[in-house]
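A quick write-up on the structure given underneath.
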Amino acid sequence: MSNETQDEAQEALLKKMDAAELANHVTHKQLLPRRRLAKTKGNYPWLSLSVAVFFIDQLSKGWVSQNIEMGNPLTVNAFINIVLAYNPGAAFSILADAGGWQRWFFIILASIVCMVLIVWIVKMRRGHHTVALALALILGGAAGNLWDRIEFGYVIDFIDVYYQQYHWPAFNVADAAITLGAVILLLDALFAHPEQ
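Quick note on our numbering: the sequence shown kicks off at 613 and runs consecutively.
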């Protein structure tokens with residue numbers, strides 16, 4: 613069928629339609645892609661939270677690197693010190709003494725995690741605010757530690773929480789954001805209403 617014949621057929625169809633049918637035809641044919649986009653485009657602001665977490669993490673690590681000497685902690689109160697620690701491993705210094713290969717392993721792993729989280733946040737249907745908040749926090753934290761690994765080969769940790777002689781492993785803003793995001797996801801999974 614030629615283009616002219618198709619145009620004539622469409623024109624004849626439109627003449628037969630009344631106003632309501634025409635409006636319905638236009639809505640379904642031309643506006644459907646906009647509706648699909650509208651369902652997800654409200655998620656982009658969550659990425660700005662990830663960016664904020666990333667910058668707060670990097671600024672805090674920069675301040676600590678310039679103002680705190682290794683082995684000379686700054687006492688904040690009876691439970692928190694600000695220290696300077698380099699962690700080439702993962703949480704709790706897992707694989708810290710692995711010989712250097714772990715740097716590239718964690719860079720690749722964190723890069724994949726960040727890409728998956730970005731796609732997840734963007735593609736998620738609007739209205740899932742709790743999950744979006746959790747994913748945005750995890751993304752910002754993962755990106756902050758990823759940047760450290762790329763730039764230095766290790767992660768800068770500086771928050772030392774302790775009670776008397778018992779010290780929790782030092783951590784940073786990125787670690788705190790990842791942990792908070794994971795806790796929010798867990799609580800949402802446990803207590804979210806089934807109909808949501």
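Every residue, glycine too, gets a C-beta built ideally from N, C-alpha and C.
Under the assumption that I694 contacts F770 (Cβ atoms under 8 Å), give the Cβ distance between them as a whole number of angstroms. Locating residue 694 in the sequence shown gives position 82, where the first residue counts as 1. Locating residue 770 in the sequence shown gives position 158, where the first residue counts as 1. Confirmed, Cβ separation roughly 6 Å.
Between which residues of its own chain and L686 is the CB-CB distance below 7 Å, once the five residues before and five after are set aside? The residue you call residue 686 lines up with position 74 of the sequence shown. If the five residues before and after L686 are omitted, its C-beta is found closer than 7 Å to the C-beta atoms of I680, N693, I694, all from its own chain and listed in chain order.
Over the uninterrupted alpha helix (DSSP H) stretch that includes Y656, give me the two end residues. Taking the sequence shown and counting its residues from 1, the one referred to as residue 656 is at position 44. Element bounds for Y656: 656–679.
Which residues mark the beginning and the end of the alpha helix (DSSP H) in which V688 is found? Along the sequence shown, one-based indexing puts residue 688 at 76. Unbroken run through V688: none, as it is neither H nor E.
So what does DSSP say about N784, is it helix, strand or coil? Working through the sequence shown from its first residue, we reach residue 784 at position 172. Note: N784 maps to coil in three-state DSSP.
In the DSSP output, what is L748 paired with across the bridge? Start at 1 with the first residue of the sequence shown, and residue 748 comes out as number 136. Checking the sequence shown, residue 748 turns out to be Ala, not Leu. Looking at the DSSP assignment, A748 forms no beta bridge with any residue, so it has no partner.
Taking all protein chains shown into account, do 16 or more other C-beta atoms lie within 10 angstroms of the C-beta of A786, making it buried, or fewer, making it exposed? Position 174 of the sequence shown, counted from the first residue, corresponds to residue 786. Per the 10 Å Cβ criterion, buried.
Rank F718, A804, S672 by C-alpha distance to the C-alpha of T742 and give the top, closest one. One-based indexing of the sequence shown puts residue 742 at position 130. Considering only alpha carbons, the answer is A804.
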